[in-house]
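Reading through the structure tokens given below for one structure.
In this note's numbering, the protein residues as written are 2 to 491.
Structure below.
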């Protein structure tokens with residue numbers, strides 16, 4: 002095939018009146034080729050396209066495509082290789098299938114490359130079932146009577162317009178992974194792709210690249226989904242979830258929510274979110290709950306083993322057995338761990354302190370914010386006060402006590418205080434702080450502050466309720482009468 006410079010020379014010589022034979026001789030080109038370009042009158046440019054030639058595999062391509070599409074919802078190790086596609090066609094169509102393995106291999110490679118290229122391109126604005134967008138919002142909430150700033154994770158499914166939200170103290174990797182995991186478990190599957198606006202809680206963005214945090218990278222590998230980030234200055238690419246952040250605030254967080262247990266409140270939020278799906282989609286005019294079934298059908302299965310959304314750090318405690326996280330949040334451990342290295346398991350809602358053998362020493366509610374905080378575990382504090390009852394007056398536990406119990410303890414001698422803290426320490430293995438303190442306060446009111454009484458009252462609070470009358474049992478009068486009759490002297 003001649004290039005345009007050669008073709009131009011032929012056309013110029015043709016204009017000058019030179020014949021095809023002379024042109025062919027002077028340019029050393031075959032005469033038929035010269036005649037071809039002399040006769041051509043259309044030199045409009047045309048795109049170079051790949052020509053599709055008929056193949057023996059054509060009748061099987063739809064079947065192969067359907068298998069490869071199903072693979073997107075399967076775990077990586079359970080996906081078809083080209084070899085397995087070829088074998089399966091041989092097994093399922095023994096009388097009709099007559100293609101060679103190299104043909105199948107080339108086609109499978111081509112299809113996988115096309116899918117990979119489409120995932121690496123720009124974010125399309127037409128959303129498919131099973132894709133999700135993720136973002137955080139900020140609001141005020143009342144937790145245990147105190148106002149605080151909370152972050153709420155919003156996960157939306159643009160195809161159906163369904164969405165979930167979960168509340169957290171911050172935007173850390175622990176919060177993102179815990180929130181996503183709870184939602185995955187709720188919907189019974191994993192979205193194939195998740196779109197984030199920035200790297201908050203996921204990692205650090207360095208120009209166009211994102212370096213995932215280790216916890217999120219482990220979470221991503223565990224659940225097997227893809228992550229895409231919006232292009233710079235292209236927030237419209239995840240407009241669905243940005244709208245949902247505002248919608249969730251207006252409809253679920255106004256007025257400011259009030260709760261004592263954020264995990265329990267999050268479980269209630271999942272129910273409330275699904276009730277919101279009963280309304281119609283703004284464009285498709287079908288209930289969101291009905292459209293979400295298409296999303297659900299496109300999800301990948303949950304992995305067999307659950308993921309622990311926790312990261313671990315080794316930290317050295319101070320002389321009081323306390324340790325510091327994030328430079329401002331202090332947590333107590335056990336007295337015997339003072340000045341020693343411990344393992345800290347950091348989750349979205351709790352912090353657990355372990356000794357170097359992995360044994361859990363105590364558990365704290367995780368603290369967030371820019372101000373310094375001090376969290377004392379009441380069970381380890383009770384153990385410390387049991388050893389040093391003289392520290393009671395300056396103990397942070399004192400202000401947590403009800404007035405009645407505090408005044409009773411203030412009037413005790415060292416032996417009496419030591420006995421009370423022994424009761425607190427022992428009951429901490431079975432009951433939470435509020436239950437134990439309520440039981441001990443009730444015991445003080447009854448003037449029976451001893452271990453047996455406090456334990457019995459705590460068990461009643463936990464199993465029946467302190468002020469609830471027990472159910473009437475069976476009538477035993479007949480047994481009484483029988484015992485009275487048989488017990489009479491003859």
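We treat Cβ as the ideally placed atom computed from N, Cα and C, and that holds for glycine.
- Sequence-distant Cβ neighbours of residue 87 in its own chain, meaning closer than 6 Å and more than five residues away, are 102, 105.
- In the three-state scheme derived from DSSP, where H, G and I count as helix and E and B as strand, residue 477 is classed as coil.
- Taking one beta carbon from each stretch, the stretch 336-354 and the stretch 176-185 have 3 or more pairs nearer than 8 Å; the two touch.
- Taken in chain order, the complete beta strand (DSSP E) segments of 3 residues or longer contained in the stretch 89-171 are 132-144, 147-158, 163-169.
- Collapsing the DSSP output to three states places residue 385 in a helix.
- In this structure, residue 203 sits near residue 217, with a CB-CB distance shorter than 8 Å.
- For residue 445, the enclosing alpha helix (DSSP H) has its first and last residue at 434-446.
- For a cut-off of 8 Å, the C-beta gap from residue 174 to residue 394 is around 42 Å, too long to register as a contact.
- Residue 288 is bridged by DSSP to 281.
- In the DSSP assignment, residue 408 falls within the alpha helix (DSSP H) that extends over 404-411.
- Within the same chain, and ignoring the five residues on either side of residue 249 in sequence, the residues whose Cβ sits closer than 6 Å to its Cβ are 155, 166.
- Contact between residue 459 and residue 432 holds: CB atoms are separated by about 5 Å, below the 8 Å threshold.
- Counting along the chain, residue 269 sits inside no beta strand (DSSP E); it lies in the alpha helix (DSSP H) bounded by residues 263-276.
- According to DSSP, residue 351 shares a beta bridge with 366.
- In summary, residue 441 is buried, with 16 or more beta-carbon neighbours lying within 10 Å of its beta-carbon over all protein chains present.
- Selection 456, 70, 319 evaluated against residue 429 yields 456 as nearest (Cα-Cα).
- Pairing residue 427 with residue 324, the inter-Cα distance amounts to about 24 Å.
- Taken atom to atom, the span from the alpha-carbon of residue 293 to that of residue 266 is near 24 Å.
- Annotation for residue 375: no alpha helix (DSSP H) segment contains it, though the beta strand (DSSP E) segment containing it runs 374-376.
- A straight-line Cα-Cα distance of about 10 Å links residue 145 and residue 263.
- The three-state secondary structure of residue 249, taken from DSSP, is helix.
- Here DSSP, grouped into helix, strand and coil, assigns residue 426 to helix.
- Remark: C-beta atoms of residue 295 and residue 161 approach each other more closely than 8 Å.
- Between the beta-carbon of residue 425 and that of residue 383 there is about 4 Å, and that keeps the pair under the 8 Å contact cut.
- Looking at 353, 368, 342, 71, the one whose alpha-carbon comes closest to that of residue 329 is 368.
- Residue 54 sits in coil when the DSSP states are folded into three classes, being neither helix nor strand.
- One Cα belongs to residue 198, the other to residue 183, and the distance between them is close to 21 Å.
- Residue 359 places its beta carbon 8 Å or farther from that of residue 338.
- Rounded to the nearest angstrom, the Cβ distance from residue 389 to residue 399 is 14 Å, too far for a contact under 8 Å.
- Excluding the 5 residues flanking it on each side, residue 438 has same chain C-beta neighbours closer than 8 Å at 401, 402, 403, 406, in chain order.
- Contact between residue 258 and residue 142 holds, since their C-beta atoms are separated by about 5 Å, short of 8 Å.
- Counting along the chain, residue 68 sits inside no beta strand (DSSP E); it lies in the alpha helix (DSSP H) bounded by residues 62-72.
- Between the C-alpha atoms of residue 84 and residue 114 there is a straight-line separation of about 17 Å.
- Of the candidates 25, 366, 136, the residue whose Cα lies closest to the Cα of residue 245 is 136.
- Secondary structure at residue 320: coil, using DSSP grouped into helix, strand and coil.
- Collapsing the DSSP output to three states places residue 346 in a strand.
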